[in-house]
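Sequential numbering of the sequence shown, starting at 305, is according to this note's numbering. Please read the structure below before turning to the comments.
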Amino acid sequence: MEKIYDKCCGVDIHKKVIVACFKQGRKQEIREFGATTRELLEMTQWLEEGGCEQVAMESTASYWKPVYNILESAGLGAIVVNAQHMRAVPGRKTDATDAEWIADLLQHGLLKASFIPDKARRELRELVGYRKSLIKEQAAELNRLQKILEGANIKISGTIKAINGKSGRNLLETLLTGKKIDLAKITKMRRDKLIAANLKATDEQLVEDLNGVLSTLQKKMMRTMLTHIDELAKHIKELDDEIDRNMKDEEKIAAANIQEIPGIGNTSAEAVIAVISTDMSRFPTDRHISSWAGLCPGNNESAKKRKSGKTRKGNALLRSTLII
């Protein structure tokens, strides 16, 4: 079989151990390194001194990222390979170490490189992904707050659209003072503009729905939850600003165009752009990107019978953004 690379390296990555198999023609050398930055730099230096042309590694969890970053910064050609593609290549993988098998496949050009965006794009993805996790955590905390309110027979969610909005928060703060809410109190809050003027609920309905039974412990829990929700909102705002600073002008324009699709807001649009960028050349058709995102069903038919056609996992950030 024709060799594509004379000098190449296959890297088997684990949490604490990195095994590298450096092939030079018919010769090969296997070395084991730790996962610290110092040891990764030692591995990089070893490959540079040997004149390594290309390095390949599996996309193992997130452990490949520091290895890829250091190899990239050193100017060594590095590719990340989907493990499923490697398993599809026939061979006696069990008779050799993972690093040897990767190096052998790479040497003969049998590996398909996964798309790895540049460093700026990877950092933007991390920002967007972290913001999404904080938004999810904030929503979970609001659900916990709502559960306490329901347990205390306070029906504020059926009266006010958003319990974390201006009117909702002011009413919750009033509840936490321990004072009874009556018509006079609601009238004063409306006069002081603590309750939105366009709130559809009548004063009588507000009084009826807000007079429940809150214990001292429930009040303490509610106070902690509200503080946590405010902290999360602050961090989310900081991430919004950071994402805006890191997005290019053409990406902001693309995000604005995506928002014309019903159901997609600014946060979702920025997540889509962060994942797929504005360069669609790597997706030949719309079917390819749908499959890559894990949004199209599998195709498994035999003898005119449809079998299980589960969707693939796809890109986690893009998939979760589009199916919610």
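Every residue gets a Cβ at the ideal spot worked out from N, C-alpha and C, and that includes glycine. No experiment lies behind these values; they were computed from the predicted model shown.
Among Met584, Glu477 and Cys600, which has the Cα closest to the Cα of Arg616?
-> What you label residue 616 is simply residue 312 of the sequence shown in a count that begins at 1. Arg616 has its Cα closest to that of Cys600, out of Met584, Glu477 and Cys600.
Please check the pair Gln450 and Ser437, which I expect to be a contact at CB under 8 Å, by giving their CB distance rounded to whole angstroms.
-> The count along the sequence shown starts at 1 and reaches residue 450 at position 146. The count along the sequence shown starts at 1 and reaches residue 437 at position 133. No, Gln450 and Ser437 are not in contact; Cβ-Cβ is about 20 Å, not under 8 Å.
Identify whether Ile565 lies in helix, strand or coil by the three-state DSSP scheme.
-> Here residue 565 refers to the residue found at position 261 of the sequence shown. Residue state, collapsed to three classes: coil.
Validate contact between the region 471-483 and the region 409-421 using beta carbons, cut 8 Å, 3 pairs | no
Excluding sequence positions up to five away, which residues of its chain have a Cβ less than 7 Å from the Cβ of Val579?
-> Mapped onto the sequence shown, residue 579 falls at position 275. Excluding residues within five positions, the ones whose Cβ falls inside 7 Å are Arg429, Asn619, Leu621 and Leu622.
Candidates Val359, Thr531 and Thr401, of which the one nearest Gly381 by Cα = Within the sequence shown, the letter at position 77 stands for residue 381. Ranking the options by Cα distance to Gly381, first place goes to Val359.
Between Ile485 and Lys492, what straight-line distance do the alpha-carbon atoms span, to the nearest angstrom?
-> If you number the sequence shown from 1, residue 485 lands on position 181. If you number the sequence shown from 1, residue 492 lands on position 188. Between Ile485 and Lys492, the C-alpha separation is close to 11 Å.
Return the chain-ordered list of same chain residues with a C-beta closer than 6 Å to the C-beta of Asp402, the five sequence neighbours on each side being excluded.
-> By one-based count along the sequence shown, residue 402 stands at place 98. Closer than 6 Å at the Cβ level, and outside the excluded window around Asp402, lie Asp316.
For Glu445 and Met529, believed in contact at Cβ under 8 Å, the rounded distance = In the sequence shown, residue 529 corresponds to position 225, counting from 1. In the sequence shown, residue 445 corresponds to position 141, counting from 1. Confirmed, about 6 Å.
Three-state secondary structure (DSSP) of Arg586 | Reading the sequence shown from its first residue, position 282 is the one you call residue 586. Looking at Arg586 - three-state DSSP - the assignment turns out to be coil, as it is neither helix nor strand.
Which partner residues does Val359 have in the DSSP bridge list?
-> As a working mapping, residue 359 is identified with position 55 in the sequence shown. Partner(s): Cys313 and Ala382.
Member of Glu352, Leu414 and Ala456 whose CA lies at the smallest distance from the CA of Glu306 = Numbered from 1 along the sequence shown, position 2 holds the residue referred to as residue 306. Considering only alpha carbons, the answer is Leu414.
In the DSSP assignment, find the beta strand (DSSP E) that holds Arg335 and state where it starts and stops.
-> Against the sequence shown, residue 335 aligns to sequence position 31. Note, Arg335: beta strand (DSSP E), Lys331 to Gly338.
How big is the Cα-Cα spacing for Thr398 and Tyr434?
-> One-based indexing of the sequence shown puts residue 398 at position 94. One-based indexing of the sequence shown puts residue 434 at position 130. The pLDDT assigned to Thr398 is 48, lower than 50, so where the model puts this residue is not dependable; a value taken from the coordinates is nonetheless given after this. So the alpha carbons of these two residues sit roughly 38 Å apart.
Using 10 angstroms around the beta-carbon of Leu431, count the other beta-carbons present and answer buried if the total reaches 16, otherwise exposed.
-> Locating residue 431 in the sequence shown gives position 127, where the first residue counts as 1. Buried, because 16 or more other Cβ atoms sit within 10 Å of the Cβ of Leu431.
Going by beta carbon distance, what residues of the same chain come within less than 8 Å of Ile593, once the five residues before and after it are set aside?
-> Start at 1 with the first residue of the sequence shown, and residue 593 comes out as number 289. So the list reads Ile580, Met584 and Phe587, once near-sequence residues are dropped.
Taking only the alpha-carbon atoms, compute the straight-line gap between Gly298 and Lys459 and give it to the nearest angstrom.
-> No statement about residue 298 is possible, as the shown extent of the chain runs from 305 to 628 and does not include it.
Three-state secondary structure assigned by DSSP to Lys440 | Within the sequence shown, the letter at position 136 stands for residue 440. Correct three-state label for Lys440: helix.
Tell me whether Arg425 sits in a helix, a strand or coil according to DSSP, three-state version.
-> Start at 1 with the first residue of the sequence shown, and residue 425 comes out as number 121. Three-state result, Arg425: helix.
As assigned by DSSP and simplified to three states, the class of Arg616 | The count along the sequence shown starts at 1 and reaches residue 616 at position 312. In this structure, Arg616 counts as coil in the three-state DSSP scheme.
Would you kindly report the start and end of the unbroken alpha helix (DSSP H) that includes Ile420?
-> Position 116 of the sequence shown, counted from the first residue, corresponds to residue 420. Premise fails: Ile420 is in no alpha helix (DSSP H) and is neither H nor E.
Start-to-end residues for the beta strand (DSSP E) that takes in Ala324 = In the sequence shown, the residue the question calls residue 324 occupies position 20. From DSSP, the beta strand (DSSP E) with Ala324 extends over Val321 to Gln328.
Would you mind sorting Ala443 into buried or exposed? The rule is 16 or more other CB atoms within 10 Å of its CB.
-> As a position in the sequence shown, residue 443 is number 139, starting the count at 1. Classification of Ala443: exposed, given that the 10 Å Cβ count is below 16.
Mind reading off the beta-carbon distance from Ile383 to Met347? Whole number of angstroms is fine, and I expect it under 8 Å.
-> Walking along the sequence shown from the start, residue 383 turns up at place 79. Walking along the sequence shown from the start, residue 347 turns up at place 43. 16 Å between Cβ atoms; not a contact.
Taking buried to mean at least 16 other C-beta atoms within 10 Å of its own C-beta, is Leu514 buried or exposed?
-> For this step, residue 514 is matched to residue 210 along the sequence shown. By the 10 Å Cβ count, Leu514 comes out buried.
Residue range of the alpha helix (DSSP H) that includes Lys492 = What you label residue 492 is simply residue 188 of the sequence shown in a count that begins at 1. Element bounds for Lys492: Leu487 to Arg495.
Inspect the beta-carbon positions of Ile374 and Leu351 and report whether they are closer than 8 Å.
-> For the purposes of this step, residue 374 is taken as residue 70 along the sequence shown, with counting starting at 1. For the purposes of this step, residue 351 is taken as residue 47 along the sequence shown, with counting starting at 1. Their beta carbons are not under 8 Å apart, which means Ile374 does not touch Leu351 by this criterion.
Helix, strand or coil at Lys465 according to DSSP, with G and I counted as helix = Position 161 of the sequence shown, counted from the first residue, corresponds to residue 465. Residue state, collapsed to three classes: coil.
Taking just the CA atoms, how far does Glu555 sit from Asp291?
-> Outside the shown range of the chain (305 to 628) lies residue 291, about which nothing can therefore be said.
The alpha helix (DSSP H) enclosing Val511, as first and last residue numbers | Position 207 of the sequence shown, counted from the first residue, corresponds to residue 511. Its alpha helix (DSSP H) spans residues Asp507 to Leu514.
C-beta atoms of Gly516 and Asn457 nearer than 8 Å | Mapped onto the sequence shown, residue 516 falls at position 212. Mapped onto the sequence shown, residue 457 falls at position 153. Against a cut-off of 8 Å, the Cβ pair of Asn457 and Gly516 comes out as a contact.
Near His318, what residues of its chain come up, given a Cβ to Cβ distance below 8 Å and the 5 sequence neighbours on each side ignored?
-> Locating residue 318 in the sequence shown gives position 14, where the first residue counts as 1. Contacts found: Ala339, Thr364 and Tyr367.
In the DSSP assignment, what are the bridge partners of Arg473?
-> For the purposes of this step, residue 473 is taken as residue 169 along the sequence shown, with counting starting at 1. By DSSP's assignment, Arg473 forms no beta bridge with any residue.
Below 8 Å, can you find three or more Cβ-Cβ pairs linking the region 492-505 to the region 538-547?
-> They do not touch, by the three-pair rule.
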